[in-house]
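Presented below is the structure to which this report refers.
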Amino acid sequence: MRALLLLPLLSLLACRSSSSGSGDGAELMAQVREKLAARDAKLLNYQLEGTQKEGDSLSAGFTFAYRAPQKMRGTVTQPARTVSWDGKHLYEQVEAGRQFTTFTSQVSAEKLSAFLTEIFTPFVPEGFRAPLLLRSTKARRTAALPQAKDAVELSMPLEGAAGEGMVVTYVLRWPTLDFLAKRTRAPDGTEAEVRMEEEHCDAELGLCVPRRLTRRAGGQQVGETVLSRVDLKTPLNNDAFTPTAPEGYSVQTRTLVDSATQESGPKAPTGG
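Residues -20 to -1, 1 to 252 in mature numbering (1 follows the signal peptide of the UniProt record, and there is no 0) are what the sequence shown lists, from first letter to last.
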């Protein structure tokens, strides 16, 4: 599903060098890190269901379930496919060809983490996971936004060949750090934005998450994610992340290894 691929593999954020309202930039940045960690600790279980649309293409459905620590399951409808991680094994079920594969891992913990991020991050809309803050991240307060009376703006130039010259800016509601927007600016001045349009709020947890997100480029809407179900509390049992092959499916076992010449795992979601 092409729309899923447009979501970032890693949520890298940072901000401009100025700050206001709550002390200097270092103090505000420390508060941001602390509050993001506390927010992330509240989201121990969640289940999502929705659709994504890119351009004028038809919407494609997806679901995602998460249970701490690091149990995940995602599905897409076009093409029909499910991937699941139960903490030890990765499973992939593909309707086309009726194939069911179990992957065992022989890679380092660091590489496995990066691989799982690549597989599952496309299923998770902005605002459900705490962004990764780089050391260069700074913060400044901003106010009088349509979605919030008070917010914090985090932006940074990305590093490395892939992101050189790209500036990413996140806007989060203060002090709950609910997602409001993510903006990117390319070296040539091209700008894009992911914007929260509607949200689901939980008074008990004391936070809000997006229910509808739009993606914009050049001032025009080019995509949309709409969640028809947001459950932030009901945990799935462990068996939900350890599927078995449906009747009639071909079954195989493969191994995730470091060598590019040996067997590797499934790719991130793709499709029409």
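Just so you know, even glycine gets a beta-carbon here, dropped at the ideal spot from N, CA and C.
Secondary structure note for residue 11: its alpha helix (DSSP H) is the uninterrupted segment 5 to 22. The Cβ atoms of residue 234 and residue 83 sit closer than 8 Å to each other.
Spanning the alpha carbons of residue 40 and residue 57 requires a straight line of approximately 6 Å. Note on geometry: alpha-carbon atoms of residue 158 and residue 229 lie some 42 Å from one another. Taken in chain order, the whole beta strand (DSSP E) runs of length 3 or more contained in the region 62 to 121 are 70 to 74, 79 to 85.
According to the DSSP assignment, residue 25 belongs to the beta strand (DSSP E) that extends over 25 to 34.
Comparing C-alpha distances from residue 36 to each of 204, 108, 48, 30 shows the shortest one belongs to 204. In terms of CA proximity to residue 67, 89 leads the group 23, 89, 137, 21.
In the DSSP annotation of this structure, the continuous segment of the beta strand (DSSP E) that includes residue 131 starts and ends at 128 to 137. Within the region 167 to 192, the complete beta strand (DSSP E) runs of at least 3 residues fall at 171 to 182. Here residue 44 is bridged, per DSSP, to 28, 54. Sorting 19, 146, 192, 65 by C-alpha distance to the C-alpha of residue 101 places 65 at the top. For residue 175 against residue 193, the beta-carbon gap comes to about 7 Å, under 8 Å, which counts as contact. By the CB criterion at 8 Å, residue 152 and residue 23 fall outside the cutoff. A direct Cα-to-Cα measurement between residue 123 and residue 168 gives close to 28 Å. Listed in chain order, the non-local C-beta contacts of residue 25 below 6 Å within the same chain comprise 47, 215, local neighbours out to five positions each way being set aside. Rounded to whole angstroms, the Cβ separation of residue 207 and residue 30 is 4 Å, and the two are in contact under 8 Å. Restricting attention to 237, 114, 79, the CA atom closest to the CA of residue 227 is found in 79. Your pair residue 189 and residue 210 checks out as a contact, with CB atoms roughly 6 Å apart and the cut at 8 Å. Looking at the backbone, the Cα of residue 133 and that of residue 111 are separated by about 13 Å.
Per the C-alpha coordinates, the member of 42, 202, 223 positioned closest to residue 51 is 223. Counting of Cβ neighbours within 10 angstroms places residue 115 among the exposed residues, the total staying below 16. Non-local C-beta neighbours of residue 20 in its own chain, meaning closer than 6 Å and more than five positions away in sequence, comprise 110, ordered along the chain. A check of alpha carbon separations from residue 126 across 99, 178, 60 identifies 178 as the nearest.
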